[in-house]
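Everything on this sheet refers to the single structure shown next.
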Amino acid sequence: MKHARVACFGSIHEAVRIEGKLQLTDGRLVGEEEVVWLPPLEVGTIFALGLNYADHANEISFKAPEEPLVFLKGPNTLIGHNGETRRPVDVDMMHYECELAVIIGKKARNVKREDAYNYVSGYTIANDYAIRDYLENYYRPNLAVKNRDTLTPIGPWFVDKEDIPDPMNLKLYTYVNGDLKQEGSTKDMVFDIPFLIEYLSSFMTLNENDIILTGTPKGTVNVVEGDEVVVEIEGIGKLRNKIVSDKVFQR
Ligand code: MG
107 MKHARVACFG SIHEAVRIEG KLQLTDGRLV GEEEVVWLPP LEVGTIFALG
157 LNYADHANEI SFKAPEEPLV FLKGPNTLIG HNGETRRPVD VDMMHYECEL
207 AVIIGKKARN VKREDAYNYV SGYTIANDYA IRDYLENYYR PNLAVKNRDT
257 LTPIGPWFVD KEDIPDPMNL KLYTYVNGDL KQEGSTKDMV FDIPFLIEYL
307 SSFMTLNEND IILTGTPKGT VNVVEGDEVV VEIEGIGKLR NKIVSDKVFQ
357 R
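Using this note's numbering, the letters of the sequence shown map in sequence onto residues 107 to 357.
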């Protein structure tokens, strides 16, 4: 089942996808273009993997790490499907990152890799935008690169784990203004999902609705004001958003 959170009829609703439409929990059916899409779950801690596909690491002149390179993102960064992402006017390199987002389903501590999927409730798609201009060097916190408002579109759907039998073999695609720019497969991750759950839960507790953004393959290119960016993952959906400039924000 595909689940969503949307705003319509003056309030916020949970919904499921039925025959190409959204069915709200009160039974009403609405079209996908008739609603405002919100992040598909109320997200807890957001973990994000850096350089978790070797081809992307090479593309930006880094070697793939020998242990997971994980950072946190704030909830201020999240926006829903069809939202707008802000590109500062004075930057030279802002790129998208199509990523499989793993949703944790229950409290997890010291989980072994063979049990890891028991702690997953489902999957969604994240676009983990980066503004490379703000990366001072590899070892500094990348707050300004990754934690600006609107830099993480997420959704449209929360897809139940049962509907994705092999999350480690899914095609990923990114389209900019309709042109295919990024293509890869989750099978090329450096650290796979069971490893990441074992690793993170070995030193901290994971909670329901925490999410892990698992990194992006190669094919990241600059995007500018007016671009429409669609990130797609096989079996999960297509997440669309638009790049806007500071002008929209009156400064
Ligand atoms: Mg990323």
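Note that the Cβ used here is the ideal one computed from N, Cα and C, for glycine as well.
**Message:** Does the contact criterion of 3 or more C-beta pairs under 8 angstroms hold for the stretch 183 to 198 versus the stretch 319 to 338?
**Reply:** Contact between the stretch 183 to 198 and the stretch 319 to 338 is present, with at least three C-beta pairs closer than 8 angstroms.
**Prompt:** If we count the other Cβ atoms within 10 Å of its Cβ and call it buried at 16 or more, is residue 310 buried or exposed?
**Reply:** Here residue 310 is taken as the residue at index 204 of the sequence shown, counted from 1. With fewer than 16 Cβ atoms within 10 Å of its Cβ, residue 310 is classed as exposed.
**Request:** Answer with buried or exposed for residue 356, where buried requires no fewer than 16 other C-beta atoms within 10 angstroms of its C-beta.
**Result:** For the purposes of this step, residue 356 is taken as residue 250 along the sequence shown, with counting starting at 1. Classification for residue 356: exposed.
**Message:** Among the candidates 121, 176 and 157, whose CA atom is the shortest distance from the CA of residue 317?
**Reply:** On the sequence shown, position 211 is the one that residue 317 refers to. The residue with the shortest Cα to Cα distance from residue 317 is 176.
**Environment of residue 280 [buried if 16+ CB atoms lie within 10 Å]** = Counted from its first residue, the sequence shown places residue 280 at position 174. Buried is the call here.
**Prompt:** Can you tell me whether DSSP reads residue 120 as helix, strand or coil?
**Reply:** Sequence index remark: in the sequence shown, residue 120 carries index 14 (1-based). Of the three classes helix, strand and coil, the one that applies to residue 120 here is strand, per DSSP.
**Request:** Look at the alpha carbon of residue 206 and the alpha carbon of residue 138, and state the distance between them as a whole number of angstroms.
**Result:** Within the sequence shown, residue 206 is the residue found at index 100, counting from 1. Within the sequence shown, residue 138 is the residue found at index 32, counting from 1. CA-CA distance, residue 206 to residue 138, rounds to 22 angstroms.
**Message:** So, with DSSP's three-state summary, where would you put residue 136?
**Reply:** Within the sequence shown, numbered from 1, the residue matching residue 136 stands at position 30. Note: residue 136 maps to strand in three-state DSSP.
**Asked** Since residue 177 sits in a beta bridge, which residues does DSSP pair it with?
**Response** By one-based count along the sequence shown, residue 177 stands at place 71. DSSP, once it has assigned bridges, lists 154 as partnering residue 177.
**Item:** Nearest residue (CA-CA) to residue 123, options 294, 154 and 143
**Value:** Residue 123 sits at position 17 when you count from the first residue of the sequence shown. Comparing Cα-Cα distances from residue 123 to each of 294, 154 and 143, the minimum goes to 143.
**Message:** Using a strict less-than 7 angstroms threshold between each residue's beta carbon and the heavy atoms of the ligand MG, what residues do you get?
**Reply:** 154, 155, 156, 203, 205, 234, 236, 319, 321 and 322
**Prompt:** Could you give the residue range of the alpha helix (DSSP H) that holds residue 235?
**Reply:** Counting from 1 along the sequence shown, the entry for residue 235 is found at position 129. Element bounds for residue 235: n/a, residue is neither H nor E.
**Request:** Within the same chain, show all residues whose beta-carbon is closer than 6 angstroms to that of residue 250, passing over the 5 residues directly before and after it, in chain order.
**Result:** Within the sequence shown, residue 250 is the residue found at index 144, counting from 1. Result list for residue 250: 240, in chain order.
**Asked** Are there three or more Cβ pairs, one per stretch, closer than 8 angstroms when the stretch 294 to 308 is compared with the stretch 220 to 230?
**Response** yes
**Asked** Is the stretch 268 to 280 touching the stretch 144 to 158 in the sense that three or more CB pairs, one from each, lie closer than 8 angstroms?
**Response** They do not touch, by the three-pair rule.
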